[in-house]
Amino acid sequence: QVQLVESGGDLVQPGGSLRLSCAASGSGFSSYTMGWYRQTPGKQRELVAFITSGTDKRYADSVKGRFTISRDNAKNTVYLQMNRLKPEDTAVYYCNAIRAGNPFASWGQGTQVTVSS
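Numbering (our numbering), first residue to last: 1243 to 1359.
This is the structure we're talking about:
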């Protein structure tokens, strides 16, 4: 059973940066594809980036060139470096493990990112 704890969210001005962290407990972390998702009120949760066990990375078009996903298997942690933040990046951010294209672990509490002047 994988358990996930996200952190690092904050209030930041447009153009600013944040780094989110997701700590995973349980075995097998290094073999999982890990993804970062985000959700705003009234909308479905969307996948913004994922990283495979082989460290291949993919990004949603809306964040490509601004966000970078990485992982540290020794720490069972996945990161999301977010640069040049925009107000439309405001959301609760979640991480999850992905199998066959779908998240399969229980969702954590998420971390709030607010981009506003």
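All C-beta atoms, glycine included, are put in the ideal place defined by N, C-alpha and C.
Since we're looking at a predicted model, the values are computed, not measured.
In the DSSP assignment, Glu1248 falls within the unbroken beta strand (DSSP E) covering 1245-1249. A straight line joining the alpha-carbon of Met1324 with that of Gln1354 spans about 13 Å. Apart from the 5 residues on each side of it in sequence, Pro1283 has no Cβ closer than 8 Å to any other Cβ in its chain. In its chain, beyond the 5 residues on either side, Gly1257, Arg1308 have a beta carbon closer than 7 Å to the beta carbon of Arg1326.
Here Pro1345 is buried: its Cβ has 16 or more other Cβ atoms, across all protein chains shown, within 10 Å.
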